[in-house]
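One structure below.
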Amino acid sequence: MRIYVDGGTHKSRICVVDQSNNFENVKTRKGNPTNNELEYLALLYALSYIHTAKIHARQIIILTDSKLMANQMNDKWRITNEKLAKLNGKCKRMMLPNIRIKWISRKRNKAGFILDKMKQMDYYKARYKKTRSSLNKV
Numbered sequence: 000m001r002i003y004v005d006g007g008t009h010k011s012r013i014c015v016v017d018q019s020n021n022f023e024n025v026k027t028r029k030g031n032p033t034n035n036e037l038e039y040l041a042l043l044y045a046l047s048y049i050h051t052a053k054i055h056a057r058q059i060i061i062l063t064d065s066k067l068m069a070n071q072m073n074d075k076w077r078i079t080n081e082k083l084a085k086l087n088g089k090c091k092r093m094m095l096p097n098i099r100i101k102w103i104s105r106k107r108n109k110a111g112f113i114l115d116k117m118k119q120m121d122y123y124k125a126r127y128k129k130t131r132s133s134l135n136k137v
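Using numbering that gives the first Met the number 0, the letters of the sequence shown map in sequence onto residues 0 to 137.
Below you can see the structure in the form of structure tokens.
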């Protein structure tokens, strides 16, 4: 089973995609989290989803385009940021023996694709509003 995760700073969104169970969810986080914090929050949400949906698979691979988060979760890179260390600890406590974190390229990340499309839609909505308001002034 493969679950895709991504976090993006545009509107502080995180996304989790599980195609096996037709699950796609985007959430907006409050505050002003960094991109790396959002990547960890997306992972945390995916792990919560696995636990609450009671997903039982022999192997679950969580795919991310964040090299930082993947390497920190796999103990290959050290963590120097206090907030990321806390998020890493929360995620590690939720890990199960059958869950692995794996890095993939951005173009292969289905969660990243959804966030990119939402960003494009936001751009066109804003552009449309701007065009309408300027037409109303004429």
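We put the beta carbon where it would ideally sit given N, CA and C, even for glycine.
Notebook entry, point to check: Which whole-angstrom value describes the C-beta separation of isoleucine 13 and alanine 52, a residue pair presumed to lie in contact below a C-beta threshold of 8 Å?
Noted result: By 1-based counting over the sequence shown, the position of residue 13 is 14. By 1-based counting over the sequence shown, the position of residue 52 is 53. By a beta-carbon distance limit of 8 Å, isoleucine 13 does not contact alanine 52. Their separation comes to about 17 Å.
Item checked: In chain order, each alpha helix (DSSP H) run of at least 4 residues that lies wholly inside the segment 18-64 -> Whole alpha helix (DSSP H) segments, 4+ residues: 34-51.
Notebook entry, point to check: What is the C-beta distance between aspartate 64 and aspartate 5, in whole angstroms, given that I count them as a contact (C-beta under 8 Å)?
Noted result: Here residue 64 corresponds to residue number 65 of the sequence shown, with the count starting at 1. Here residue 5 corresponds to residue number 6 of the sequence shown, with the count starting at 1. Right, the Cβ-Cβ distance comes to about 6 Å (below 8 Å), so this counts as a contact.
Next item on the list: Counting only the same chain and skipping the five closest in sequence on each side, list residues whose C-beta sits under 6 Å from that of serine 19.
Entry: As a working mapping, residue 19 is identified with position 20 in the sequence shown. Met0, listed in sequence order.
Check: Using 8 Å as the threshold, is the segment 60-75 in touch with the segment 29-43, meaning 3 or more CB pairs across them?
Finding: Segments in contact, yes.
Margin query: In whole angstroms, give me the CA-to-CA distance for arginine 28 and tryptophan 76.
Written below: Residue mapping note: residue 28 aligns to position 29 of the sequence shown, counting from 1. Residue mapping note: residue 76 aligns to position 77 of the sequence shown, counting from 1. Roughly 26 Å separates the two Cα atoms.
Next item on the list: Work out the CA separation of lysine 101 and asparagine 108 for me, nearest whole Å.
Entry: Position 109 of the sequence shown holds residue 108. Position 102 of the sequence shown holds residue 101. If you take the alpha carbons of asparagine 108 and lysine 101, they lie about 11 Å apart.
Check: According to DSSP, what are the bridge partners of tyrosine 3?
Finding: Here residue 3 refers to the residue found at position 4 of the sequence shown. Beta-bridge pairing links tyrosine 3 to Val16, Leu62.
Next item on the list: Could you tell me how far apart the beta carbons of leucine 37 and threonine 8 are, in whole angstroms, since I believe they sit closer than 8 Å?
Entry: Counting from 1 along the sequence shown, the entry for residue 37 is found at position 38. Counting from 1 along the sequence shown, the entry for residue 8 is found at position 9. Indeed they touch by this definition, with Cβ atoms about 7 Å apart.
Check: Roughly how many whole angstroms lie between the Cα atoms of arginine 126 and lysine 26?
Finding: Counting from one through the sequence shown, the residue named residue 126 turns up at place 127. Counting from one through the sequence shown, the residue named residue 26 turns up at place 27. Lysine 26 has its alpha-carbon roughly 23 Å from the corresponding atom of arginine 126.
Check: Tell me, which residues are paired with arginine 126 by DSSP?
Finding: Taking the first residue of the sequence shown as position 1, residue 126 is located at position 127. For arginine 126, which the question treats as bridged, DSSP gives no partner whatsoever.
Notebook entry, point to check: Do alanine 56 and asparagine 97 have their C-beta atoms within less than 8 Å of each other?
Noted result: What you label residue 56 is simply residue 57 of the sequence shown in a count that begins at 1. What you label residue 97 is simply residue 98 of the sequence shown in a count that begins at 1. Their beta carbons are under 8 Å apart, which means alanine 56 touches asparagine 97 by this criterion.
Check: What whole-angstrom Cβ distance do lysine 35 and leucine 67 have, given they're in contact under 8 Å?
Finding: Taking the first residue of the sequence shown as position 1, residue 35 is located at position 36. Taking the first residue of the sequence shown as position 1, residue 67 is located at position 68. Rather than lysine, the amino acid found at residue 35 in this sequence is asparagine. Right, the Cβ-Cβ distance comes to about 6 Å (below 8 Å), so this counts as a contact.
Notebook entry, point to check: Rounded C-beta distance between isoleucine 59 and isoleucine 2? I'm assuming under 8 Å.
Noted result: Indexing the sequence shown from 1 puts residue 59 at position 60. Indexing the sequence shown from 1 puts residue 2 at position 3. About 6 Å separates the two Cβ atoms, so the contact holds.
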